[in-house]
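Asks: Encoded as structure tokens, here's the structure I'll be asking about.
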Amino acid sequence: MLCLLLLLETVAFLLPMRSLRPQPLRYSPRAAIVIPAHNEAAGLAATLAPLRQLAIPIVLVADNCSDQTAAIGQNLGAIVLERHNPQQRGKGYAMDFAIDFLRRQPPEVVVFLDADCQIANAEVLQLIDQAVRQQSPVQSVYVMHLPPPSDGEASRFGVCLQIQESSADAGAFPTGRTDAAGRFRDGFPLAEFTEY
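Going by our numbering, the first residue of the sequence shown is number 14, and it counts up by one from there.
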């Protein structure tokens, strides 16, 4: 009798969990991937090549670059915005530059990805999905792998959270909300993955 009761409680516990799982979105949100980059020519192709399969516009901001970052981005099909302002350097300014460009035809979601960060396409789509569903920032998992022969993880963190500003490392954010310092204001959904 006790086993039957335990079985019923287990089944009753699991049933509501299924109903809480999010259903796939019934449409494909308009999205853009923004990649702020400063002298990232060495690893940029490894970041851009897989993203081309997504059919999502990729906006590469070549921020105060003195290498071939812009040319590599153009060769791999990115929309390249070159920014030259030695007094205003850094990710926040590059992000703001891209957001200003995107305001002409604003997407529903912007995914920010660091130029030397490699992410599975399915994870990009999950970030977009969460940003649309929550219409608020969400935190994403960020795993830094050590190169061979170490072959381990240097750090791992992240859970879906609602946050008010960009963390320095990973997340998804409603868009149109960045200032030059990289802080976010109200606007459209953004997704961010690491910083440079």
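Here a beta-carbon is modelled for each residue, glycine too, at the ideal position from N, C-alpha and C.
Predicted, not measured: the structure shown is a model, and the values here were computed from it.
Name the one or two DSSP bridge partners that R96 has.
Replies: Paired residue(s): D76.
Asks: Check the DSSP bridge columns for A44 and list the partner residues they point to.
Replies: V122, per the DSSP bridge assignment.
Asks: Can you list, in chain order, the residues of its chain whose CB lies under 6 Å from that of L67, leaving out five sequence neighbours each side?
Replies: Closer than 6 Å at the Cβ level, and outside the excluded window around L67, lie N134.
Asks: Could you spell out the range, first to last residue, of the alpha helix (DSSP H) harbouring P70?
Replies: Counting along the chain, P70 falls outside any alpha helix (DSSP H), and DSSP gives it neither H nor E.
Asks: Between A59 and the rest of its own chain, which residues show a CB-CB distance below 7 Å, the 5 nearest in sequence each way excluded?
Replies: Counting only Cβ-Cβ distances below 7 Å, and skipping sequence neighbours, we find Q131.
Asks: So, using beta-carbon positions, are A50 and D76 closer together than 9 Å?
Replies: Their beta carbons are under 9 Å apart, which means A50 touches D76 by this criterion.
Asks: Just verifying my parser: in three-state terms, what is the DSSP assignment at A91?
Replies: In this structure, A91 counts as coil in the three-state DSSP scheme.
Asks: How is A133 classed by DSSP in three states: helix, strand or coil?
Replies: Of the three classes helix, strand and coil, the one that applies to A133 here is coil, per DSSP.
Asks: Buried or exposed: which applies to Q148, given that a residue is buried once 16 or more other Cβ atoms fall within 10 Å of its Cβ?
Replies: Counting Cβ neighbours within 10 Å, Q148 comes out exposed, since fewer than 16 surround it.
Asks: Identify, in the order they occur along the chain, each residue of the same chain with its Cβ nearer than 8 Å to the Cβ of R96, setting aside the five sequence neighbours on each side.
Replies: Excluding positions up to five away in sequence, the list reads V74, A75, D76, N77, Y106, A107 and F110.
Asks: DSSP three-state label for A50, please.
Replies: A50: strand per DSSP, three-state reduction.
Asks: Assuming D113 is part of the alpha helix (DSSP H), what are its boundary residues?
Replies: Here the alpha helix (DSSP H) through D113 covers K104 to L115.
Asks: D113: buried (16+ other C-beta within 10 angstroms of its C-beta) or exposed?
Replies: Per the 10 Å Cβ criterion, exposed.
Asks: Determine the direct distance from the alpha carbon of A84 to that of L126, and round the result to whole angstroms.
Replies: Those two C-alpha atoms are separated by around 18 Å.
Asks: Run through DSSP, which three-state label would Q147 get?
Replies: Looking at Q147 - three-state DSSP - the assignment turns out to be helix.
Asks: Taking all protein chains shown into account, decide if Q210 is buried (16 or more other Cβ within 10 angstroms of its Cβ) or exposed.
Replies: Residue 210 is absent from the structure shown; the chain starts at 14 and stops at 209.
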